[in-house]
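With the sequence shown counted from 1, adding 121 to any position gets you our numbering.
Virtual Cβ for every residue (Gly too), placed ideally from N, Cα, C.
As the structure is a prediction and not an experimental result, all values here were calculated from the model.
Reading through the structure tokens given below for one structure.
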Amino acid sequence: MDLQNRQTPEDICAHYGEDYSKHFGAMSPPIYQTSLFLDGNDYTYSRVSNPTLEVFEKKVAALEHASPGEGGRALTVSSGMAAITTAILSCVRAGEHMIMVRTAYGPARGFARYLERFGIGCTFVHGTRVEDFEEAYRPETKLIYLESPCSAIFELQDLAAVADFARAKGIATVIDNTCATPVYQQPLDFGIDLVVHSATKYFGGHSDAVAGVIVGKGERIARLANERTMWGNAAPPMQGWLLQRGLRTLPVRMKAAMENGLAVARYLEAHPKVERVYYPALESFPQHELYLRQMSGCGGLLSFSPRGSYASRAEMVRRLQVFKKAPSWGGYDSLVCPLGALEPPTEETLLAHDGGVIRLYVGLENIETLLEDLEQALDALD
122 MDLQNRQTPE
132 DICAHYGEDY
142 SKHFGAMSPP
152 IYQTSLFLDG
162 NDYTYSRVSN
172 PTLEVFEKKV
182 AALEHASPGE
192 GGRALTVSSG
202 MAAITTAILS
212 CVRAGEHMIM
222 VRTAYGPARG
232 FARYLERFGI
242 GCTFVHGTRV
252 EDFEEAYRPE
262 TKLIYLESPC
272 SAIFELQDLA
282 AVADFARAKG
292 IATVIDNTCA
302 TPVYQQPLDF
312 GIDLVVHSAT
322 KYFGGHSDAV
332 AGVIVGKGER
342 IARLANERTM
352 WGNAAPPMQG
362 WLLQRGLRTL
372 PVRMKAAMEN
382 GLAVARYLEA
392 HPKVERVYYP
402 ALESFPQHEL
412 YLRQMSGCGG
422 LLSFSPRGSY
432 ASRAEMVRRL
442 QVFKKAPSWG
452 GYDSLVCPLG
462 ALEPPTEETL
472 LAHDGGVIRL
482 YVGLENIETL
492 LEDLEQALDA
502 LD
């Protein structure tokens with residue numbers, strides 16, 4: 122048995138992609154904080170590649186099942202949004218069309234609309250049925266953009282079915298896999314072409330790094346490596362080192378995130394002042410069967426629809442003490458982010474947030490502390 126090269130998530134995060142002989146036996150590879158490298162080496166310029174980034178990239182590629190033997194690799198860029206925009210632009214050009222799920226990350230939807238000025242059209246679809254994509258298809262459609270689960274109301278797409286349809290039509294597929302992480306879902310295994318992550322979230326895990334990563338196989342990701350060099354948006358070495366550090370504990374943190382997240386979801390589901398809870402691991406979630414087919418777990422992100430007036434909902438958010446109000450997630454700290462739930466629904470919140478929800482990121486604090494914080498805050502609802 123070759124124990125040195127086992128490919129479990131825990132082993133990948135701990136040791137994969139590291140050659141201790143290159144770094145004088147250092148357990149933590151050094152930060153190569155340099156702009157250029159001398160001739161005759163494997164590296165030339167940190168805008169092109171850097172050994173600090175590559176350790177992180179090799180681990181992420183292995184986690185996502187992007188085998189080097191199939192030309193698989195990961196590319197680290199300057200932010201999650203840079204990963205999204207770079208991946209999209211590699212697939213479409215002027216005069217072409219893309220399909221995007223309506224529940225995708227807000228700035229991703231904004232970027233799709235922005236591209237209209239360059240002659241790239243976009244149709245937003247519900248995406249919970251493969252027929253949604255079939256009905257939106259045009260001869261000029263070149264990209265389907267997915268986010269499953271989405272990070273607001275956690276709708277899923279049937280990845281295998283969408284990938285089969287796209288492949289038959291010659292359409293590229295890109296998915297934002299930030300919410301599940303490769304610990305709980307590997308979209309490439311279902312036939313998706315490119316996977317993007319906001320590495321700022323679970324990969325970093327400490328709310329101190331901003332970066333993104335794109336993963337794929339073969340010619341498509343090879344072309345993206347050249348485009349990253351052209352765009353000049355490779356992440357700096359320090360971010361690569363922070364992401365290496367965060368990734369080492371990813372499987373442990375994801376397990377804790379699911380334990381706490383599921384406990385909070387079940388607590389909210391039973392609360393009389395909560396109308397609905399959005400969390401795929403709940404048996405009551407409408408797509409729970411699909412969740413069981415294509416995911417092996419859930420993280421600490423969930424949403425709920427509170428009862429009560431808009432004023433009392435705002436007071437509920439204000440009363441929270443441990444859950445801090447902020448838009449991000451994926452670190453050790455618990456957060457709350459109202460998504461259209463504190464005012465009457467707009468066309469946008471109806472489109473993307475089911476009319477408005479309160480999103481919670483359940484961090485690594487003591488679960489009883491978190492439940493007590495929610496209990497005293499929910500008392501504000503009338």
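- Taking one beta carbon from each stretch, the region 147–154 and the region 350–364 have 3 or more pairs nearer than 8 Å; the two touch.
- The residue from Thr490, Ala273, Arg238, Ser211 with its alpha-carbon nearest to that of Ile265 is Ser211.
- Within its own chain, the residues whose Cβ lies closer than 7 Å to the Cβ of Asn171, once the five positions on either side in sequence are excluded, are Tyr153, Tyr164, Pro358, Gly361, listed in chain order.
- Comparing alpha-carbon positions, the option among Gly242, Cys271, Leu196, Ala203 lying closest to Thr224 turns out to be Cys271.
- For Ile313, the secondary structure class from DSSP, reduced to helix, strand or coil, is coil.
- Taking C-beta separations shorter than 6 Å and ignoring five residues to either side along the sequence, the partners of Thr294 in its chain run Ile265, Ala284, Ala287, Ile313, Asp314, following chain order.
- In this structure, the beta-carbon distance from Ala378 to Gly418 does not fall below 7 Å.
- Per DSSP, the beta-bridge partners of Ala355 are Val198.
- The shortest C-alpha to C-alpha distance from Val373 to any of Gly452, Asn298, Ser199 is the one to Gly452.
- With a contact defined as Cβ atoms closer than 8 Å, Ser426 and Val483 miss out at about 17 Å.
- About 12 Å separates the CB atoms of Leu463 and Ala501; that is not less than 8 Å, and the two are not in contact.
- Going by beta carbons, Ala215 and Gly240 fall inside the 7 Å limit.
- Within 10 angstroms of the beta-carbon of Phe145 lie fewer than 16 other beta-carbons, which makes it exposed.
- Spatial neighbours of Gly461 in its own chain (CB-CB distance under 6 Å, excluding positions within 5 residues in sequence) are listed in chain order as Thr470, His474, Gly477.
- Among the bridge pairs identified by DSSP, His218 is matched with Gly242, Thr262.
- If you look at Phe406, you'll find it isn't in any alpha helix (DSSP H); DSSP assigns it neither H nor E.
- Nearest neighbour of Val317 by Cα position, chosen from Ile335, Asp310, Leu157, turns out to be Ile335.
- Looking from the CA of Leu485, the closest CA among Arg168, Ser328, Pro448 belongs to Ser328.
- Fewer than three beta-carbon pairs drawn from the region 389–405 and the region 343–352 are found closer than 8 Å, and the two stretches are therefore not classed as touching.
- Of the residues assessed, Lys338 falls on the buried side of the cut-off, its CB having 16 or more other CB atoms within 10 angstroms.
- The alpha carbon of Met221 has as its nearest neighbour, out of Thr249, Leu196, Leu267, Ala183, the alpha carbon of Leu267.
- Closest in C-alpha terms to Ser455, from the list Ser167, Arg341, Glu276, Phe444, comes Phe444.
- Each residue's CA atom was taken as its position, placing Glu131 and Thr249 some 32 Å apart.
- Straight across, the Cα-Cα distance linking Thr467 with Phe232 is about 20 Å.
- Annotation: the continuous beta strand (DSSP E) that includes Tyr399 extends over 395–399.
- Spatial neighbours of Leu499 in its own chain (CB-CB distance under 7 Å, excluding positions within 5 residues in sequence) are listed in chain order as His392, Lys394, Met437.
- The DSSP assignment places 172–184 as complete runs of the alpha helix (DSSP H) inside the region 152–198, in order along the chain (cut-off: 4 residues).
- Tyr482 has Leu422, Leu456 as its beta-bridge partners, per DSSP.
- Under the three-state reduction of DSSP, Glu268 is assigned to strand.
- Contact check for Thr206 against Val198 fails: the beta carbons are separated by 7 Å or more.
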